[in-house]
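Worksheet: the structure to be examined is printed underneath.
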Amino acid sequence: MEKRKLGKSPLTIAPLVFGGNVFGWTIDEKTSFEVLDAFVEAGFNCIDTADAYSNWAPGNQGGESELIIGKWMKARANREQLVIATKVGSTIVRSKNKVLKKEYILKAVEDSLQRLQTDYIDLYQSHYDDVSTPVGETLEAYDILVKAGKVRVIGASNFSKERLEESIATSSQQGYPRYETLQPHYNLYDRQDFETNLAATCIAEEIGVITYYSLASGFLTGKYRTAADFSTTRGAGIKDYLNDRGIAILQALDEVAARHHATPAQISLAWLIARPSITAPIASATSVAQVKDIVQSVQVHLSAEDIEKLNTASAY
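No gaps in the numbering here: position 239 of the sequence shown is 1024 in the working numbering, and each next residue is one more.
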């Protein structure tokens, strides 16, 4: 299995990350264990979660995903073989707290460590920017955690180009750890924001990029093609994709998938894996069958013609 470096850090991951937002939301603990087993057995090693997952589900408070991952790692005794990424500072758990203030981060990390049943986090990410907190204060908190051995590497998610560059500069000036990764919303449909605002900075600064919504909430699997398909839990969130451009993308995916005897999901992920600016896409699965589908994406090697067809269909 190919391994790719996360930024300039010593962490290396296989080129596909499992998205843990489904744990405790669309799948229960038993099924979560099954899909995690299948993912790791296929040769992959990075799992992404957040302290907020999945507090939007009825009856949940947040932390459910970390709890399930922690139980699974303890049951399998496999912590050392994994790269565990989690996040702090989501707006959906912020309440009245300043979510990237030093005190908040130092408390939140202890809660995540307890839920994950581990004494360190491989990649700790700022989930959303907190513009009310100076970047230096946030980075000072991470510096404390790295020096204490509780965090190995830090990353950012949903940051603007300006705030990411300010953070990188502050880390250099103050001797703090720098953001080695960025987690942006990016996929074959949603290209413009990342490509025009952030990709060049990530390449120039050697920042690893792990993309979320890599399959556009499932639209790029090809399973949602008519209004009748929007009745499922996640289907309702993707109806905006079903327009002329979205249909053109699905047609291109179908053509390329047929050439490779692959699925649209595999082609969508393979396109991301082949992007020069991308380290690994994040993708979720709610069954072992879906895991077996997405992991095959690393075996798909797109030709220049394939990539051109997909780029043209998704042009903005």
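Quick reminder that beta carbons are idealized off the backbone N, C-alpha and C, glycines included.
T960, buried or exposed, once every other Cβ within 10 Å from all chains shown has been counted against 16: As a position in the sequence shown, residue 960 is number 175, starting the count at 1. The displayed chain sequence assigns Gly, not Thr, to residue 960. Label assigned to G960: exposed.
Cβ-based burial, E849 [other Cβ within 10 Å; buried from 16]: Sequence index remark: in the sequence shown, residue 849 carries index 64 (1-based). E849 should be labelled buried.
With 16 other CB atoms within 10 Å as the buried threshold, where does K935 fall? To locate residue 935, count along the sequence shown from 1; it is residue 150. With 16 or more other Cβ atoms within 10 Å, it is buried.
When you compare only the Cα positions, how much space is there between K859 and E819? Position 74 of the sequence shown, counted from the start, is the residue given in the question as residue 859. Position 34 of the sequence shown, counted from the start, is the residue given in the question as residue 819. Straight-line Cα distance between these residues: approximately 15 Å.
Can you name the start and end residues of the beta strand (DSSP E) that R937 belongs to? Numbered from its first residue, the sequence shown carries residue 937 at position 152. Segment V936 to S942, the beta strand (DSSP E) holding R937.
Using 10 angstroms around the beta-carbon of A975, count the other beta-carbons present and answer buried if the total reaches 16, otherwise exposed. Numbered from 1 along the sequence shown, position 190 holds the residue referred to as residue 975. Looking at the sequence provided, one finds Asp at residue 975 rather than Ala. Label assigned to D975: buried.
Provide the residue span of the alpha helix (DSSP H) that contains A1065, from first to last. Within the sequence shown, the letter at position 280 stands for residue 1065. First-last for A1065: A1065 to A1068, but that is the beta strand (DSSP E), not the alpha helix (DSSP H).
Using 8 Å as the threshold, is the stretch 1000-1016 in touch with the stretch 1049-1063, meaning 3 or more CB pairs across them? yes
Is the beta carbon of K1077 sitting closer than 8 Å to the one on V1041? As a first step, residue 1077 is located in the sequence shown; it is residue number 292 there, counting from the start. As a first step, residue 1041 is located in the sequence shown; it is residue number 256 there, counting from the start. Cβ atoms of K1077 and V1041: not closer than 8 Å.
Excluding the 5 residues flanking E950 on each side, which residues of the same chain have their C-beta closer than 7 Å to its C-beta? Counting from 1 along the sequence shown, the entry for residue 950 is found at position 165. Once the five neighbours on either side are set aside, the close Cβ partners of E950 are T986.
Taking C-alpha atoms, which residue in N943, T955 and S1099 lies nearest to A1037? Indexing the sequence shown from 1 puts residue 1037 at position 252. That would be S1099, whose Cα lies nearest to the Cα of A1037.
Please confirm if the stretch 963-979 is in contact with the stretch 893-901, defined as three or more CB-CB distances below 8 Å between the two stretches. no
Can you tell me which of A835, V920, G804 and A827 puts its alpha carbon nearest to the alpha carbon of E787? Locating residue 787 in the sequence shown gives position 2, counting from the first residue. For the residues A835, V920, G804 and A827, the minimum Cα distance to E787 belongs to A827.
Limits of the beta strand (DSSP E) - the one that F803 falls within: As a working note, residue 803 is residue 18 in the sequence shown. Run containing F803: V802 to G804, per the beta strand (DSSP E) assignment.
Using only alpha-carbon positions, find the residue among Y1101, V938, D1039 and I939 that is nearest to Q977. For the purposes of this step, residue 977 is taken as the residue at position 192 of the sequence shown. Per the Cα distances, Y1101.
Would you say G993 and G809 are within 8 Å of each other, going by their C-beta atoms? Looking up residue 993 in the sequence shown gives position 208. Looking up residue 809 in the sequence shown gives position 24. For G993 and G809, no; Cβs fall outside 8 Å.
Please report the distance separating the alpha-carbon of K1189 from that of V1073. One cannot answer for residue 1189 here, as it falls past the ends of the chain, which runs 786 to 1101.
Can you tell me whether A862 is buried or exposed, with buried defined as 16 or more other CB within 10 angstroms of its CB? Counted from its first residue, the sequence shown places residue 862 at position 77. Burial call: exposed.
Taking Y997 as the reference, which of D1039, T834 and R948 has the closest Cα? On the sequence shown, position 212 is the one that residue 997 refers to. Looking at the Cα atoms, T834 is the closest of the given residues.
Quick one: residues in its chain with C-beta nearer than 8 Å to the C-beta of S911, no 5 flanking neighbours on either side, listed in chain order? Taking the first residue of the sequence shown as position 1, residue 911 is located at position 126. Same-chain partners within the cutoff: K872, V873, G874, L885, T923, I939, G940, A941, S942, F944 and Y964.
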